[in-house]
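Number of protein chains: 2
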Amino acid sequence: MEYDEPLFFKVMQYAANADRDVVDMVSGNPDWEPPQALRDGLHEYADADIEDFQYPPSEGLRELREEIAERRNVSVDQVVVTNGAGEANYLAMARAMERDAGDEIILTDPVYPYYPGKTTMLDGEARFVPTERDGSLDPAKVRDVASDDTACIVVNTPNNPTGAVYGRETMEELVAIAEEHDALLVADEVYDHFDFSGRFESALTIDSEHRVVVTSYSKSMAITGYRVGYAVFPDSHVKAAKTRHMLVNVTGSRPAQQAVLHALRNTDADYYEETRAMLRERIDAFTDALDAAGAEYSRPDGAFYVLARFDDFPGTLDNVYTLIDEAGVAGMPGEAFGTARDEWIRFALVTPRAEEAAARLADYF
Amino acid sequence: MEYDEPLFFKVMQYAANADRDVVDMVSGNPDWEPPQALRDGLHEYADADIEDFQYPPSEGLRELREEIAERRNVSVDQVVVTNGAGEANYLAMARAMERDAGDEIILTDPVYPYYPGKTTMLDGEARFVPTERDGSLDPAKVRDVASDDTACIVVNTPNNPTGAVYGRETMEELVAIAEEHDALLVADEVYDHFDFSGRFESALTIDSEHRVVVTSYSKSMAITGYRVGYAVFPDSHVKAAKTRHMLVNVTGSRPAQQAVLHALRNTDADYYEETRAMLRERIDAFTDALDAAGAEYSRPDGAFYVLARFDDFPGTLDNVYTLIDEAGVAGMPGEAFGTARDEWIRFALVTPRAEEAAARLADYF
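Chains as they are written, first to last, in the UniProt record's numbering: chain A, 1 to 365; chain B, 1 to 365.
Here it is, written out as structure tokens:
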């Protein structure tokens, strides 16, 4: 299994070099505006005193951590501001592995490819649990695989690539399994602002020394390049996580943290609601056209991806290239996300041309 | 041995809470202006298209890597832009350790405390080589300690805390020792713009598959909080280092990279020369006053720290607190940097009040 980004680049480059117009639905890069207050915050910071150009505290700007703690109803001491959710997941998984409490990491299939990549880097052994056809995760299947060799369980909800939102009962069960086997449940909630089902509830509401919650501003503020995320660790693990963060990165980048802090304080709920409304429209338009194309698909409860399956057209890299050349639509091959969805192709709704893309697919199939 | 930053914070906090005026010479945070073009670059970026707010390539903005490659006369493929020199050192040391080519890491004493911290995190065993009284490193002593258990040799030149600049012959010898034992020599050159001796030469000029060069813009542009650094890896190690960088951090923060790119292109040599001239004046003033105080000290050939030794006043944390309370000068205890300089106190020349601080020391002793 290749890591996410190289395969992204490969497909995106192929699409860019195509001899025709292509609707790019490959990456998870938002195509909408960040909050205006983010740009304002960056301007303001560019004129700041030189002290503000020096190291912030290793665990992140104090004011940013206080904003986060207040909004999430957690202790400020538990919050570690990281270089995006990518680093937050790494810190959580590394913490799980360094305790001599097993070396297996339970992941779902389909899976966000960075998780198995990190597992390998940490000398862990990945154990995959297939999700249901509708994308939901049956905790009983996780329980079957879990043992005292389990160091960590990593789930992503709302989910990339399936669009599933795991309900509260599922998350409670996962936390219970982690507790039974002295494992850490890592809940990666980077799509927490993109719940269309009304069922999403952060795992922060489940009190346990065995769950870590990870999120970032990459998607919610449309700033994947800023690298501002955070993890909320239980008391018994936060010190070790902060030490690793300091030894790997010293601290995160301050211009981005300052801009996010300003945006957090000066952006109202409308911004997020408007983004969701826009994505709902894209989902409707795209899935209507997929109906017309006779494709099977999963209507996302959250996040902004649609998995679609076309008869006799499995989700291989070759078929993705064929779609680029012959239909003018670029997606991600399902085989990039494991074996469970290798018949499928993932389309990211990060273009205003989603409806046009679906019409092209309908024409082609 | 505690890590650098927590002890920094401890001492800085003690100084801030003191009942009197204190000259702060604790941290390595520059107190001078960044290049104007850095602020301009940040303003320009704040108004950029939304595509520029998304993920840069994992290994860093292409244009930034090209600027670096051209200036350093290396292949662009060898350049990995990192979250400061901190991450670059981590990537290099982790790469050295993951090859099954030994688990010992040779460090100097005195040592920059992050290196032993990273060594422990990587399950390595630190072997310390004492430097000479003038701060220079005798490669023969490194050779005595090196063996096929040596995975890595980490040196910092110009050196924090001694101010020593290792000459070309020393660096050639260290590379040769690394080659003999299949180790990686990591040359941390973050103070490369602060050479007062004229003897500094980057290890990049020594061609070898066994040396990694690390540096950053934190000190040269007075932006320790931006976290933009880079490593130049040999061909045989760069791919593995890029993979780890991607799996840990995905990529570095883009606002900071864009600002640094703009500053690199639009800052002339005068900026760096003026900073050096200012630091030379501070060194002169501070060491003249130390002479008056009857202290032993090392006049730095590079970087911006002065180690000073006062009779019957060893460099303990307690004595540093005493100096804060009774002399109104805050430095870092020499014992923070290992055993070799535990009689000494390090003063960072990051304040225009360096001369005043030295006068206070002269009064006190």
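The beta-carbon is built from N, C-alpha and C at its ideal position, and this holds for glycine as well.
Predicted model only: the values in this text are computed from it and were never measured.
C-alpha gap between residue i and residue j, whole angstroms
{"i": "residue 285 of chain A", "j": "residue 351 of chain A", "result": "12 Å"}
{"i": "residue 154 of chain A", "j": "residue 64 of chain A", "result": "26 Å"}
{"i": "residue 357 of chain A", "j": "residue 159 of chain A", "result": "22 Å"}
{"i": "residue 258 of chain A", "j": "residue 45 of chain A", "result": "7 Å"}
{"i": "residue 292 of chain B", "j": "residue 362 of chain B", "result": "6 Å"}
{"i": "residue 262 of chain B", "j": "residue 168 of chain A", "result": "48 Å"}
{"i": "residue 97 of chain A", "j": "residue 90 of chain A", "result": "10 Å"}
{"i": "residue 309 of chain A", "j": "residue 179 of chain A", "result": "37 Å"}
{"i": "residue 328 of chain B", "j": "residue 275 of chain A", "result": "55 Å"}
{"i": "residue 277 of chain B", "j": "residue 254 of chain A", "result": "28 Å"}
{"i": "residue 342 of chain A", "j": "residue 7 of chain A", "result": "15 Å"}
{"i": "residue 233 of chain B", "j": "residue 312 of chain B", "result": "45 Å"}
{"i": "residue 346 of chain B", "j": "residue 142 of chain A", "result": "54 Å"}
{"i": "residue 283 of chain B", "j": "residue 303 of chain B", "result": "11 Å"}
{"i": "residue 335 of chain B", "j": "residue 31 of chain B", "result": "25 Å"}
{"i": "residue 366 of chain B", "j": "residue 219 of chain B", "result": "This structure gives no information on residue 366 of chain B, because the portion of chain B shown stretches from 1 to 365."}
{"i": "residue 241 of chain B", "j": "residue 128 of chain B", "result": "25 Å"}
{"i": "residue 43 of chain B", "j": "residue 40 of chain A", "result": "10 Å"}
Alpha helix (DSSP H) segment containing residue i, residue limits
{"i": "residue 213 of chain A", "result": "Residue 213 of chain A -> not in any alpha helix (DSSP H); beta strand (DSSP E) instead, spanning 211-216."}
{"i": "residue 354 of chain A", "result": "354-364"}
{"i": "residue 348 of chain B", "result": "Not the alpha helix (DSSP H): residue 348 of chain B falls in the beta strand (DSSP E), residues 345-348."}
{"i": "residue 351 of chain A", "result": "Careful: residue 351 of chain A lies outside any alpha helix (DSSP H) and carries neither H nor E."}
{"i": "residue 287 of chain A", "result": "269-292"}
{"i": "residue 257 of chain A", "result": "254-265"}
{"i": "residue 247 of chain B", "result": "235-249"}
{"i": "residue 73 of chain B", "result": "That residue, residue 73 of chain B, is in no alpha helix (DSSP H); it is neither H nor E in DSSP."}
{"i": "residue 327 of chain A", "result": "317-327"}
{"i": "residue 114 of chain B", "result": "114-121"}
Any chain C beta carbon closer than 8 Å to residue i
{"i": "residue 255 of chain A", "result": "This model lacks chain C altogether; the protein chains it does include are A and B."}
Where residue i meets chain A, residues with beta-carbon distance less than 9 Å
{"i": "residue 153 of chain B", "result": "Within 9 Å Cβ-Cβ: nothing; residue 153 of chain B doesn't reach chain A, min ~19 Å."}
{"i": "residue 118 of chain B", "result": "247 and 248"}
{"i": "residue 348 of chain B", "result": "Per Cβ cutoff of 9 Å: no residues; residue 348 of chain B is ~12 Å from chain A at best."}
{"i": "residue 83 of chain B", "result": "83, 87, 227, 248, 249, 250, 251, 252 and 253"}
Own chain residues within Cβ distance below 6 Å of residue i, not counting five before or after
{"i": "residue 246 of chain A", "result": "58"}
{"i": "residue 338 of chain B", "result": "109, 110 and 111"}
{"i": "residue 126 of chain A", "result": "105, 107, 116 and 119"}
{"i": "residue 365 of chain B", "result": "293 and 310"}
{"i": "residue 209 of chain B", "result": "234 and 236"}
{"i": "residue 2 of chain B", "result": "The pLDDT assigned to residue 2 of chain B is 43, lower than 50, so where the model puts this residue is not dependable; a value taken from the coordinates is nonetheless given after this. If we look at residue 2 of chain B and ignore the five residues flanking it on each side, it has no Cβ neighbours."}
{"i": "residue 332 of chain B", "result": "26 and 346"}
{"i": "residue 317 of chain B", "result": "333"}
Unbroken beta strand (DSSP E) run spanning residue i, endpoints
{"i": "residue 305 of chain A", "result": "305-309"}
{"i": "residue 109 of chain A", "result": "104-109"}
{"i": "residue 125 of chain B", "result": "125-130"}
{"i": "residue 81 of chain B", "result": "79-82"}
Contacts that residue i makes with chain A (C-beta to C-beta distance below 7 Å)
{"i": "residue 121 of chain B", "result": "244 and 247"}
{"i": "residue 224 of chain B", "result": "54 and 55"}
{"i": "residue 86 of chain B", "result": "249 and 250"}
{"i": "residue 211 of chain B", "result": "The premise fails here: residue 211 of chain B is roughly 22 Å from chain A at the closest Cβ pair, so nothing lies under 7 Å."}
Proximal residues to residue i (C-beta, below 7 Å), its chain only, five neighbours per side dropped
{"i": "residue 256 of chain A", "result": "226, 227 and 228"}
{"i": "residue 355 of chain B", "result": "285, 286 and 289"}
{"i": "residue 124 of chain A", "result": "97, 103, 104, 105 and 151"}
{"i": "residue 206 of chain B", "result": "171, 172 and 175"}
{"i": "residue 215 of chain B", "result": "85, 189, 190, 192, 229 and 230"}
{"i": "residue 138 of chain B", "result": "132"}
{"i": "residue 56 of chain A", "result": "251, 254 and 257"}
Chain-ordered chain B contacts of residue i [CB-CB under 9 Å]
{"i": "residue 43 of chain A", "result": "42, 43, 46 and 47"}
{"i": "residue 90 of chain A", "result": "247, 248 and 249"}
{"i": "residue 427 of chain A", "result": "An answer regarding residue 427 of chain A cannot be provided, because it is not within the stretch 1 to 365 covered by chain A."}
{"i": "residue 259 of chain A", "result": "46 and 255"}
Within chain A, the residues that residue i reaches when beta carbons sit closer than 8 Å
{"i": "residue 50 of chain B", "result": "30, 31, 32, 33, 34 and 222"}
{"i": "residue 95 of chain B", "result": "Neighbours of residue 95 of chain B on chain A: none; closest Cβ ~12 Å, over 8 Å."}
{"i": "residue 39 of chain B", "result": "46 and 47"}
Beta-carbon proximity list for residue i, same chain, < 8 Å, skipping 5 on both sides
{"i": "residue 349 of chain B", "result": "25, 279, 282, 283, 286, 304, 305 and 306"}
{"i": "residue 238 of chain B", "result": "77, 78 and 80"}
Contacts that residue i makes with chain B (C-beta to C-beta distance below 8 Å)
{"i": "residue 126 of chain A", "result": "What residue 126 of chain A touches in chain B: nothing, since even the nearest Cβ is about 13 Å away."}
- Quick one: complete beta strand (DSSP E) runs, 3+ long, within the region 142-229 of chain B? 150-156, 184-188 and 211-216
- Task: Report the residue ranges of all alpha helix (DSSP H) runs contained in full by the region 10-52 of chain A; include only those spanning at least 4 residues, in chain order.
- Result: 36-46
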